[in-house]
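Trainee:
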Amino acid sequence: MAQMDNAALAARIRGGTSTAPDGAAEEAFCQRFSRRIFAYGMRHLHDYDGANDLVQEVLSRVLASLRDGAVTDPGKLESFVFGTCKFVLRNEQRTHRRRQEKLETMVREALPPESPAMLSPSPDPRLAECLAGLKERARTVLVLGFYGERSAPEIASELGLTPGNVRVVRHRALAQLLECMNARKGGLR
Amino acid sequence: MKCPDSISQERLIAYYHGELDDTAADALDEHLFGCDACADFVARLGELEAGVRRAVAERALPLVLTEALRRDLEKPGGPLREFSIEPGGVTPCGAAADDGWVVLNLEADLKGIVAATVKFTDDQKVLDIVHQDVPVDERASKVSIAYPGALLRALPDLIVEIRVVLESANGEQQELEYGMEHSASGPPA
């Protein structure tokens, strides 16, 4: 199922029924797209819970559309998922409360019961240990970027550096952090 | 996993931090939905962001303060408790029960200085703190570090020596000393 292309996967899901969905195909769809949606969500929301909510809502909507045959070009499933993400984000603020209520219902009804853990895990508390292992300049650049939501030029201005220097420090710090997190997870990633 | 378009990690990091122009960012938005390598990397950046935010919110470790980051930390709970020391000076200090962060301002002439090392020792050999490669803005008149209030409240009465080595762009070093008298019963009245 993991090797199946998007068109074939969409066809399998379309072939299921409301009372007998193709659980394996739907699970494969969720596996394939959840991380992509999460990445998009974090890039635009910079909010962990918001990104996970986006994953749930977009997967639910797209699965419903696939089952109903509303995806007219299954070969362009990636574009359909992308478009759904943009639509949901655009409407997010205006319909936030209604969406929360509707989301809970949709998730209950739409997602396959055997779904894997689609959500990214909670922020890892071991990250603090890895952060503590960075030198101060590296840690400060990451904190200003992630917590302070500042760009490289803004960080450069605050620290009296050049934007290019900040980008180099940032990249090295991220690489060190990822390596530290990988080591703590036993190299699973 | 490899990106078929060979998009670099530097580019993805810039994308994540909103540093690309709209056309390039839109293109990468769409690219994420067809590329597991890039989606996974951006998702990991998202997880790191969530972890850094959590570490700061939970006051898990000390932070080098810029003026902008100081304002960020003050937003949730109001002004921070601060202690300032001149070179050769000694100041009493302590953390009150409701102090989330306690800021130590080490005043110094930072003109021409690019980095600092800050080392703490004490009369009871309790502290083992060294801050290496502390970024320094030569326009500032102090090196400021925020410590979790909980960290200070856990300390007994201590006579603390702080050694700061300031490094200039040409490699020259200058050493300054500061002192603190920490009281476990809290800050001076």
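Those sequence lines, one after another, are chains A and B. Each residue of the first sequence is one higher than the one before, starting from 1 at the first, in the numbering used here. Each residue of the second sequence is one higher than the one before, starting from 1 at the first, in the numbering used here. Backbone N, C-alpha and C fix where the C-beta goes; we use that ideal spot for every residue, glycine too.
#1: Which residues mark the beginning and the end of the beta strand (DSSP E) in which B/C93 is found?
#2: Does chain A have any CB closer than 8 Å to the CB of B/P92?
#3: Do you know how far the Cα of B/R153 is from the Cα of B/A96?
#4: May I ask you to report which of helix, strand or coil DSSP gives A/S37?
#5: Could you tell me whether the Cβ of B/L32 comes closer than 8 Å to any Cβ of chain A?
#6: Please name the residue, chosen from A/G148, A/L45, A/L127, A/L142, that lies closest to A/N182 on a Cα-to-Cα basis.
#7: When you compare each of A/Q3, A/L66, A/G164 to B/A14 by their alpha carbons, which one comes out closest?
#8: Whose Cβ in chain B lies nearer than 9 Å to the Cβ of A/M42?
#9: Against A/S151, what residues of chain B qualify as contacts under a CB-to-CB distance less than 8 Å, listed in chain order?
#10: For A/G160, which residues in chain B fall below 7 Å Cβ to Cβ?
#11: For the segment 57 to 90 of chain A, enumerate the residues whose C-beta is nearer than 7 Å to any C-beta of chain B, in chain order.
#12: Taking CB distances under 8 Å as the criterion, tell me whether A/V55 reaches chain B.
#13: Between the C-alpha atoms of A/P21 and A/A8, what's the straight-line distance to the nearest angstrom?
#14: With a 10 Å radius around its C-beta and 16 neighbouring C-beta atoms as the bar for buried, classify A/L59 as buried or exposed.
#15: Taking all protein chains shown into account, decide if A/R170 is buried (16 or more other Cβ within 10 angstroms of its Cβ) or exposed.
#16: Based on DSSP bridge pairs, tell me the residues matched to B/M180.
#17: Should B/P79 go down as buried or exposed, given a rule of 16 or more other Cβ atoms within 10 Å for buried?
#18: Please report the residue range of the beta strand (DSSP E) in which B/R81 lies.
#19: When DSSP labels each residue in this structure, what does B/D72 get in the three-state scheme?
#20: What residues in the segment 59 to 75 of chain B have a beta carbon less than 7 Å from any beta carbon of chain A?
#21: Compute the Euclidean distance between the alpha carbons of A/D190 and A/E158, then round it to the nearest angstrom.
#22: Are the C-beta of A/L9 and some C-beta of chain B separated by less than 8 Å?
#23: Closest Cβ-Cβ distance between A/A128 and chain B: below 8 Å?
#24: Going by CA-CA distance only, name the one from B/E86, B/A150, B/W101 that's closest to B/P76.
#25: Determine, using beta carbons only, whether A/E136 comes closer than 8 Å to chain B.
#26: Would B/G46 pass as a contact of A/A39 if the rule is Cβ separation under 8 Å?
#27: Report the three-state DSSP secondary structure of A/M118 (helix, strand or coil).
#28: If I'm right that A/L54 touches A/C130 with Cβ under 8 Å, what's the distance once you round it to whole angstroms?
#29: Quick one: grab the DSSP three-state call for B/V134.
#30: Buried or exposed: which applies to B/M180, given that a residue is buried once 16 or more other Cβ atoms fall within 10 Å of its Cβ?
#31: Using a C-beta to C-beta distance shorter than 7 Å, which residues of chain B count as neighbours of A/R212?
#32: Go ahead and label A/F87 buried or exposed: buried means 16 or more other beta carbons lie within 10 angstroms of its beta carbon, across all protein chains shown.
#33: If I measure Cβ to Cβ from A/R167 and keep anything under 7 Å in the same chain, skipping five residues before and after, which residues do I get?
#34: Which residues does DSSP pair with B/L104 in a beta bridge?
#35: When the Cα atoms are used, what is the spatial distance from A/E26 to B/M1?
#36: Starting from the Cα of B/P62, find the closest Cα among B/I145, B/V130, B/L28, B/K111 and give me that residue.
Mentor: Quick answer:
#1: Position 93 of the second sequence, counted from the first residue, corresponds to residue 93 of chain B. 90 to 93 is the extent of the beta strand (DSSP E) around B/C93.
#2: Residue numbering aside, residue 92 of chain B sits at position 92 when the second sequence is read from its first letter. No, B/P92 lies away from the interface with chain A (no Cβ there is under 8 Å from its Cβ).
#3: Counting from 1 along the second sequence, the entry for residue 96 of chain B is found at position 96. Counting from 1 along the second sequence, the entry for residue 153 of chain B is found at position 153. Taking the straight line from one Cα to the other gives about 8 Å.
#4: Your numbering for residue 37 of chain A matches position 37 in the first sequence. Reading off the sequence, residue 37 of chain A comes out as Ile, not Ser. In this structure, A/I37 counts as helix in the three-state DSSP scheme.
#5: Taking the second sequence and counting its residues from 1, the one referred to as residue 32 of chain B is at position 32. Yes, B/L32 lies at the interface with chain A (some Cβ there is under 8 Å from its Cβ).
#6: Start at 1 with the first residue of the first sequence, and residue 182 of chain A comes out as number 182. Looking at the Cα atoms, A/L127 is the closest of the given residues.
#7: Here residue 14 of chain B refers to the residue found at position 14 of the second sequence. Nearest C-alpha to B/A14: A/G164.
#8: Sequence index remark: in the first sequence, residue 42 of chain A carries index 42 (1-based). Residues of chain B passing the Cβ test: Y16, V42, A43, L45, G46, E47, E49, A50.
#9: Translated into positions along the first sequence, residue 151 of chain A becomes position 151. By Cβ distance, chain B contributes H17, G18, E19.
#10: Along the first sequence, one-based indexing puts residue 160 of chain A at 160. Per Cβ cutoff of 7 Å: D137, E138, R139.
#11: E78, V81, F82
#12: The residue labelled residue 55 of chain A in the question sits at position 55 within the first sequence. Judged by the 8 Å Cβ criterion, A/V55 is not in contact with chain B.
#13: As a working mapping, residue 21 of chain A is identified with position 21 in the first sequence. As a working mapping, residue 8 of chain A is identified with position 8 in the first sequence. Straight-line Cα distance between these residues: approximately 15 Å.
#14: By 1-based counting over the first sequence, the position of residue 59 of chain A is 59. Its Cβ being crowded by 16 or more others within 10 Å, A/L59 is buried.
#15: Numbered from 1 along the first sequence, position 170 holds the residue referred to as residue 170 of chain A. Label assigned to A/R170: buried.
#16: Translated into the one-based positions of the second sequence, residue 180 of chain B becomes position 180. Partner(s): B/T91, B/V160.
#17: Counting from one through the second sequence, the residue named residue 79 of chain B turns up at place 79. By the neighbour-count rule (16 or more Cβ atoms within 10 Å), B/P79 is not buried but exposed.
#18: Within the second sequence, residue 81 of chain B is the residue found at index 81, counting from 1. 81 to 85 is the span of the beta strand (DSSP E), which, as asked, contains B/R81.
#19: As a position in the second sequence, residue 72 of chain B is number 72, starting the count at 1. Three-state result, B/D72: helix.
#20: A60, L61, L63, V64, T66, A68, L69, D72
#21: Outside the displayed range of chain A (1 to 189) lies residue 190 of chain A, so it cannot be described from this structure.
#22: In the first sequence, residue 9 of chain A corresponds to position 9, counting from 1. Chain B, which has no Cβ nearer than 8 Å to the Cβ of A/L9, makes this no.
#23: Along the first sequence, one-based indexing puts residue 128 of chain A at 128. Taking Cβ atoms only, chain B reaches closer than 8 Å to A/A128, which makes this a yes.
#24: As a working mapping, residue 76 of chain B is identified with position 76 in the second sequence. For B/P76, the nearest C-alpha among the options comes from B/W101.
#25: Counting from one through the first sequence, the residue named residue 136 of chain A turns up at place 136. Judged by the 8 Å Cβ criterion, A/E136 is in contact with chain B.
#26: Position 46 of the second sequence, counting from 1, holds the residue named residue 46 of chain B. Position 39 of the first sequence, counting from 1, holds the residue named residue 39 of chain A. Cβ atoms of B/G46 and A/A39: closer than 8 Å.
#27: Numbered from 1 along the first sequence, position 118 holds the residue referred to as residue 118 of chain A. With a pLDDT of only 43 at A/M118, under the threshold of 50, the placement of this residue in the model should not be trusted, and no figure is reported.
#28: To locate residue 54 of chain A, count along the first sequence from 1; it is residue 54. To locate residue 130 of chain A, count along the first sequence from 1; it is residue 130. Contact flag wrong, Cβ pair sits at about 26 Å.
#29: Within the second sequence, residue 134 of chain B is the residue found at index 134, counting from 1. If DSSP states are grouped into helix, strand and coil, B/V134 belongs with the strands.
#30: In the second sequence, counting from the first residue as 1, residue 180 of chain B sits at position 180. With 16 or more Cβ atoms within 10 Å of its Cβ, B/M180 is classed as buried.
#31: Look at the range of chain A in this structure, 1 to 189, and you will see that residue 212 of chain A is not part of it.
#32: Start at 1 with the first residue of the first sequence, and residue 87 of chain A comes out as number 87. Burial is judged here by how many other beta carbons sit within 10 angstroms of a residue's own beta carbon; A/F87 has fewer than 16 and is exposed.
#33: Within the first sequence, numbered from 1, the residue matching residue 167 of chain A stands at position 167. Taken in chain order, the residues that qualify are A152.
#34: Start at 1 with the first residue of the second sequence, and residue 104 of chain B comes out as number 104. Bridge partners of B/L104: B/F83, B/I145.
#35: As a position in the first sequence, residue 26 of chain A is number 26, starting the count at 1. As a position in the second sequence, residue 1 of chain B is number 1, starting the count at 1. Taking the straight line joining both Cα atoms gives about 23 Å.
#36: Sequence index remark: in the second sequence, residue 62 of chain B carries index 62 (1-based). Nearest C-alpha to B/P62: B/I145.
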